[in-house]
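Chemist: Structure below; questions to follow.
Protein chains in written order, with the numbering used here: chain A, 12 to 346; chain B, 12 to 346.
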């Protein structure tokens, strides 16, 4: 290596180091939308412990995997999972071509406004509807449908675009983790192809880090161009036991950090917690009826009962939204 | 921003820029184990075109996905896919507990040394053997088996560890792509859990970027600790049409670059080629009987016929190993 080059490298490094120190001091207060208290403290302490070289609990950057449930963890899920609203809108769009749906359940209930009961209750019905609305087109066409819907549809209660109903404290948490060398993944019961078109813009999570429910697809040539057709059959359902199974299948490492909010996340949190060394399994508890919704074991959507019991028994971090979050929704929507 | 900080940032950037220019000049000769010629040139030209800002074919870093078949593309595959040797060793280890295998096909042939015929020929037989040897244990136990095998087993012809039979030019190509902002993925018919334990060390590809064949797993509590048990049933077979299906399912973007070497890669190469804008679909042709093996449409392993025809018809890059590669195997093994 020639002396000129060595000199330049050394000088660059000195300046960079100085800059990094300044940045580090400024970054000593991450998570600005989280209230000070034991929850915020436990998260920051965990991150500092696993990222401090020489610490007995140090974890190399490549192994810093953080997984997040989506509905109720990264964005709201009331009064219906947001993909449910997409589904209802799809059923309404397709209904003129299916006059039989007026009499036929579960479509009839759904068309008359009982979406919450249908989509929250019976898995079989939900699957029938998802299949009817989410298949029979190419992956490319489905992506267009999702993009069109997500950029125009509004939440029936808040009248905001759904992508503005993401939680500001969770955006900050994911950014903080990424700045600390973590790779962030979504592990959600929602459809992979429903989340991927907007997850990168909204969460900073690229398509290849979205693990969700998938339908089977078929590779076909269509006008000499290959397409993947979405078939009316589930390929993988990413809830309950499906979450650790999906994590192993898609990611292949036990996460270091997992956040969930319902009983559908229990196994993912257990699986994370059981990994070697220190792990952070955390539960978002919806306790703020004024700023968001307050619900747990009485709600069919985001039902939280076993997971909260386990969290308390195991000493997992439980985020109390009312107590722990200064702001709930995406910054632009906060006063 | 305070003036001191601004000054430091500006000075750092100036020095960094100077350093980068020097590095860029030195990096102007990537792929040192590739002979100069049209193949190397076409790869470098492609990478420069899609990574040059302002170019009409510029692709943002987040969308720079490169996928690689493994057997015959990143490491050798003769006289048997290397996972086949692992499988034969597993059958031999398990044979004392299965006296019936002496009479029962496909195990009998395999135990008497006809692995190539069995494992290359009949998919049904191969599946039976894979199932018998790759399931009935937890994912953690399977990982240990693979780690033990890969660190001790030797190739029967070269007597080298299998991980030293990776192709040096492909290691350089993947490093060059990553230095150019690409994310590199394996998309292989081999088992995901067979490749993941060593792919990071050997190829620099982390587990979450390995897409392969998977078996179903079951989430169970075992002594109060969750485990994923490998079941005797395929979950996903990542060959032929399975490759674009797997790419969409696991990655969710059409690759910008794809390398394969057999008819099992045809659909992956077509899918990549059909993406919008410039794409690089390339075929490795095994032409060097002296330094490696020479085979194509007469070999049951790595059979190459339709893919080569399509490559020639479409003008895809065809790598002629004998002509294009200065060295074949991992550097340490080259003279």
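From the three backbone atoms N, C-alpha and C, an ideal C-beta is built for every residue, glycine too.
#1: Please report how far the alpha carbon of residue 271 of chain B lies from the alpha carbon of residue 208 of chain B, in whole angstroms.
#2: Decide if residue 195 of chain A is buried, meaning its Cβ has at least 16 other Cβ atoms within 10 Å, or exposed.
#3: Are three or more beta carbon pairs between the region 85-95 of chain A and the region 304-320 of chain A nearer than 8 Å?
#4: Buried or exposed, going by whether 16 or more other CB atoms sit within 10 Å of the CB of residue 109 of chain B?
#5: Exposed or buried, what is residue 339 of chain B when buried is set at 16 or more other beta-carbons lying within 10 Å of its beta-carbon?
#6: Going by other Cβ atoms of all chains shown within 10 Å of its Cβ, with 16 needed for buried, is residue 212 of chain B buried or exposed?
#7: Relative to the C-alpha of residue 146 of chain B, which candidate in B/105, B/123, B/175, B/323 has its C-alpha closest?
#8: Given 6 Å as the limit, tell me if residue 80 of chain A has its C-beta closer than that to any heavy atom belonging to the ligand SAH.
#9: Just checking my contact of residue 327 of chain A with residue 293 of chain A at CB under 8 Å: how many whole Å lie between their CB atoms?
#10: For the beta strand (DSSP E) that contains residue 269 of chain A, what are its first and last residues?
#11: Give me the Cβ distance between residue 203 of chain A and residue 263 of chain B, rounded to the nearest whole Å; I'm assuming they're in contact under 8 Å.
#12: Quick one: what's got a C-beta closer than 6 Å to residue 304 of chain B's C-beta in the same chain, skipping five residues either side?
#13: With contact counted as at least three CB pairs below 8 Å, one residue from each stretch, are the region 40-49 of chain A and the region 179-196 of chain A in contact?
#14: In terms of residue numbering, what span does the alpha helix (DSSP H) encompassing residue 207 of chain A cover?
#15: Which stretch, first to last residue, makes up the alpha helix (DSSP H) that contains residue 320 of chain B?
#16: Nearest CA to the CA of residue 353 of chain B: which residue from B/149, B/174, B/170?
#17: What residue range does the beta strand (DSSP E) around residue 230 of chain B cover?
#18: With 7 Å as the threshold, decide whether the Cβ of residue 75 of chain A is near any Cβ in chain B.
#19: Does any CB atom of chain A fall closer than 7 Å to the CB of residue 207 of chain B?
#20: Going along chain B in order, which residues have a C-beta closer than 9 Å to the C-beta of residue 219 of chain A?
#21: Could you tell me whether the Cβ of residue 337 of chain B comes closer than 7 Å to any Cβ of chain A?
#22: Reducing DSSP to helix, strand and coil, say where residue 45 of chain B ends up.
#23: CB residue 230 of chain B to CB residue 242 of chain B, shorter than 7 Å?
#24: Taking DSSP's pairing of strands, which residues face residue 86 of chain A in a bridge?
#25: Can you confirm whether residue 252 of chain A, when its beta carbon is compared against all beta carbons of chain B, has any partner nearer than 7 Å?
#26: From this set, A/249, A/288, A/237, which residue's C-alpha is nearest residue 197 of chain A's C-alpha?
#27: How long is the line joining the alpha carbons of residue 91 of chain B and residue 226 of chain B, rounded to whole angstroms?
#28: Is residue 236 of chain B close to chain A, meaning its C-beta is less than 7 Å from at least one C-beta of that chain?
#29: Which same chain residues end up closer than 6 Å to residue 37 of chain A when comparing Cβ atoms and leaving out the 5 residues on each side of it in sequence?
#30: For chain A, is any of its Cβ atoms less than 7 Å away from the one on residue 230 of chain B?
#31: Taking Cβ positions only, does residue 324 of chain A come closer than 7 Å to chain D?
#32: Residue 255 of chain A CB to nearest chain B CB: under 7 Å?
#33: Would a C-beta distance cut-off of 7 Å place residue 46 of chain A and residue 335 of chain A closer than the cut-off?
#34: Could you tell me how far apart the beta carbons of residue 164 of chain B and residue 100 of chain B are, in whole angstroms, since I believe they sit closer than 8 Å?
#35: Cα-Cα, which of B/102, B/137, B/178 is closest to residue 123 of chain B?
#36: Where does residue 5 of chain B sit, in a helix, a strand or coil, going by DSSP?
Modeler: In brief:
#1: What you label residue 271 of chain B is simply residue 260 of the second chain in a count that begins at 1. What you label residue 208 of chain B is simply residue 197 of the second chain in a count that begins at 1. The alpha-carbon atoms of residue 271 of chain B and residue 208 of chain B are separated by roughly 22 Å.
#2: To locate residue 195 of chain A, count along the first chain from 1; it is residue 184. Residue 195 of chain A is buried by the Cβ-count criterion.
#3: yes
#4: Position 98 of the second chain, counted from the first residue, corresponds to residue 109 of chain B. The residue in question, residue 109 of chain B, is exposed, as its Cβ has fewer than 16 Cβ neighbours within 10 Å.
#5: For the purposes of this step, residue 339 of chain B is taken as residue 328 along the second chain, with counting starting at 1. Residue 339 of chain B should be labelled buried.
#6: Walking along the second chain from the start, residue 212 of chain B turns up at place 201. With fewer than 16 Cβ atoms within 10 Å of its Cβ, residue 212 of chain B is classed as exposed.
#7: Here the question's residue 146 of chain B lines up with position 135 in the second chain. Closest option to residue 146 of chain B, Cα to Cα, is B/105.
#8: In terms of ligand content, the structure shown is empty, and the ligand SAH therefore cannot be addressed.
#9: Here residue 327 of chain A refers to the residue found at position 316 when the first chain is read from its first residue. Here residue 293 of chain A refers to the residue found at position 282 when the first chain is read from its first residue. The Cβ separation is near 6 Å, so the contact holds.
#10: The count along the first chain starts at 1 and reaches residue 269 of chain A at position 258. That run of the beta strand (DSSP E) goes 268-271.
#11: Taking the first residue of the first chain as 1, we reach residue 203 of chain A at position 192. Taking the first residue of the second chain as 1, we reach residue 263 of chain B at position 252. Confirmed, Cβ separation roughly 7 Å.
#12: Position 293 of the second chain holds residue 304 of chain B. 89, 297, listed in sequence order.
#13: yes
#14: Taking the first residue of the first chain as 1, we reach residue 207 of chain A at position 196. It spans 203-214 - the alpha helix (DSSP H) in which residue 207 of chain A sits, taken as one unbroken run.
#15: The residue you call residue 320 of chain B lines up with position 309 of the second chain. 317-325 is the extent of the alpha helix (DSSP H) around residue 320 of chain B.
#16: Summary: the structure shown does not reach residue 353 of chain B, with chain B confined to residues 12 through 346, and so no result is reported for it.
#17: Counted from its first residue, the second chain places residue 230 of chain B at position 219. Looking at the DSSP string, the run of the beta strand (DSSP E) that includes residue 230 of chain B is 221-233.
#18: Translated into positions along the first chain, residue 75 of chain A becomes position 64. By this cut-off, residue 75 of chain A is not an interface position.
#19: Your numbering for residue 207 of chain B matches position 196 in the second chain. Yes - at least one Cβ of chain A is within 7 Å of the one on residue 207 of chain B.
#20: Here residue 219 of chain A corresponds to residue number 208 of the first chain, with the count starting at 1. Simply 76, 194, 196, 219, 220, 261, 262, 263, 264.
#21: Counting from one through the second chain, the residue named residue 337 of chain B turns up at place 326. False, the Cβ-Cβ gap to chain A never drops below 7 Å.
#22: On the second chain, position 34 is the one that residue 45 of chain B refers to. In the structure shown, residue 45 of chain B sits in a strand (DSSP, three-state: E or B).
#23: Here residue 230 of chain B refers to the residue found at position 219 when the second chain is read from its first residue. Here residue 242 of chain B refers to the residue found at position 231 when the second chain is read from its first residue. Cβ distance not < 7 Å, so residue 230 of chain B and residue 242 of chain B don't count as in contact.
#24: Residue mapping note: residue 86 of chain A aligns to position 75 of the first chain, counting from 1. Paired residues: A/82, A/177.
#25: As a working note, residue 252 of chain A is residue 241 in the first chain. Interface residue, yes.
#26: What you label residue 197 of chain A is simply residue 186 of the first chain in a count that begins at 1. For the residues A/249, A/288, A/237, the minimum Cα distance to residue 197 of chain A belongs to A/249.
#27: Indexing the second chain from 1 puts residue 91 of chain B at position 80. Indexing the second chain from 1 puts residue 226 of chain B at position 215. So the alpha carbons of these two residues sit roughly 21 Å apart.
#28: Start at 1 with the first residue of the second chain, and residue 236 of chain B comes out as number 225. At least one chain A Cβ lies under 7 Å of residue 236 of chain B.
#29: Against the first chain, residue 37 of chain A aligns to sequence position 26. Confidence at residue 37 of chain A is low in this model, with a pLDDT of 47, below 50, so the placement of that residue should be treated as unreliable; the coordinate-derived value is given next. Hits under 6 Å: none found.
#30: By one-based count along the second chain, residue 230 of chain B stands at place 219. By this cut-off, residue 230 of chain B is an interface position.
#31: The structure shown contains no chain D; the protein chains it does contain are A and B.
#32: For the purposes of this step, residue 255 of chain A is taken as the residue at position 244 of the first chain. With 7 Å as the cut-off, residue 255 of chain A counts as an interface residue toward chain B.
#33: Here the question's residue 46 of chain A lines up with position 35 in the first chain. Here the question's residue 335 of chain A lines up with position 324 in the first chain. Result yes, Cβ atoms of residue 46 of chain A and residue 335 of chain A sit closer than 7 Å.
#34: In the second chain, counting from the first residue as 1, residue 164 of chain B sits at position 153. In the second chain, counting from the first residue as 1, residue 100 of chain B sits at position 89. Right, their Cβ atoms sit about 7 Å apart.
#35: The residue you call residue 123 of chain B lines up with position 112 of the second chain. Of B/102, B/137, B/178, the residue nearest in Cα terms is B/102.
#36: In this structure chain B extends from 12 to 346, so residue 5 of chain B is not present and cannot be described.
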